[in-house]
Structure formats: structure tokens, C-alpha cells
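Shown next, in C-alpha cells, is the structure this report addresses.
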Amino acid sequence: MALKIIESCVNCFACEPVCPSKAIYEAKPHFKINARKCTECEDDFAEPQCASICPIEGAILDALGVPLNPPGSLTGIPPERMAEAMAELQAH
Ligand code: SF4
Ligand code: SF4
Numbered sequence: 684m685a686l687k688i689i690e691s692c693v694n695c696f697a698c699e700p701v702c703p704s705k706a707i708y709e710a711k712p713h714f715k716i717n718a719r720k721c722t723e724c725e726d727d728f729a730e731p732q733c734a735s736i737c738p739i740e741g742a743i744l745d746a747l748g749v750p751l752n753p754p755g756s757l758t759g760i761p762p763e764r765m766a767e768a769m770a771e772l773q774a775h
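Numbering (my numbering), first residue to last: 684 to 775.
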């Protein structure tokens with residue numbers, strides 16, 4: 684099983700050095716995970732290290748396509764409140 688980095692990755696370089704399997708590499712247009720190397724950190728850590736350090740919600744998905752840091756998990760702002768705030772901003 685392997686995790687996946689998707690296009691919302693902002694290429695911040697945070698995850699690459701913390702991967703115990705050296706599975707993360709710089710690529711275009713964003714960092715990627717070598718699925719053959721990724722162990723989901725199972726033998727090394729309780730949590731996937733890349734997702735633990737990634738500052739972008741939704742940038743890393745599990746093998747089923749579920750975000751490890753879902754919307755609101757890092758900002759603490761519930762997704763529905765964020766949507767309201769964005770709508771308010773656009774209205775002004
Ligand atoms: S889950 Fe662990 S092994 Fe897989 S890419 Fe992330 S840090 Fe590397
Ligand atoms: S930590 Fe997240 S945003 Fe930064 S390079 Fe890795 S996947 Fe991309």
C-alpha cells in the first residue's frame with residue numbers, strides 16, 4: 684500500500700527529507716511518491732511522516748483516495764464555515 688501526492692501539493696519540500704523509505708521525489712508539476720518504495724511508514728512510525736508534516740490539506744491521499752489531512756484538519760476551520768467566509772469575501 685502506498686500514499687499519493689496530488690496536484691494541490693505546493694512543492695514546499697517538507698515531506699521529502701522525513702520519509703524513512705526515500706519514496707518521495709521532486710517531480711513536475713509537484714512532488715510524487717514512488718508507490719513501490721512507500722511503506723505507509725508502517726515499520727517505522729505510528730503515523731505517515733509525509734502527511735504529518737504536510738501543511739496543505741488534501742495534498743496526500745491514502746491508497747483508497749482519502750485525504751490524510753482532510754479539509755479543516757489543519758486550519759481548524761470547519762469546511763462549511765470556510766465556504767461561508769469565502770462567499771462573504773466574494774460578495775464584497
Ligand atoms: S507514508 Fe511514509 S514511506 Fe510513504 S511516502 Fe509518506 S513518509 Fe514515505
Ligand atoms: S509536504 Fe505536502 S505540500 Fe509540501 S512537498 Fe510534500 S506533499 Fe507537497
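For every residue, glycine included, the Cβ atom is placed at its ideal position computed from N, Cα and C.
Exposure of residue i, with buried meaning 16 or more beta-carbon neighbours within 10 Å
{"i": "residue 686", "result": "buried"}
{"i": "residue 732", "result": "buried"}
{"i": "residue 772", "result": "exposed"}
{"i": "residue 696", "result": "exposed"}
{"i": "residue 725", "result": "exposed"}
{"i": "residue 734", "result": "buried"}
{"i": "residue 763", "result": "exposed"}
{"i": "residue 709", "result": "exposed"}
Closer than 7 Å: residue i CB and nearest ligand 1 heavy atom
{"i": "residue 766", "result": "no"}
{"i": "residue 756", "result": "no"}
{"i": "residue 701", "result": "yes"}
{"i": "residue 706", "result": "yes"}
{"i": "residue 731", "result": "yes"}
{"i": "residue 723", "result": "yes"}
{"i": "residue 645", "result": "Any property of residue 645 remains undetermined from this structure, which presents the chain solely from 684 to 775."}
Beta-carbon proximity check, residue i vs residue j, cutoff 8 Å
{"i": "residue 716", "j": "residue 729", "result": "no"}
Near ligand 2: residue i beta-carbon under 7 Å from a heavy atom
{"i": "residue 776", "result": "Because the chain is modelled from 684 through 775, residue 776 falls outside the range shown and cannot be assessed."}
{"i": "residue 775", "result": "no"}
{"i": "residue 738", "result": "yes"}
{"i": "residue 838", "result": "In the structure as shown, the chain begins at 684 and stops at 775. Residue 838 is therefore absent and cannot be evaluated."}
Evaluate contact between the segment 688 to 695 and the segment 738 to 750, counting only Cβ atoms and requiring at least three cross-stretch pairs below 8 Å. A contact between stretches requires three or more CB pairs, one per stretch, nearer than 8 Å, and the segment 688 to 695 meets this requirement with the segment 738 to 750.
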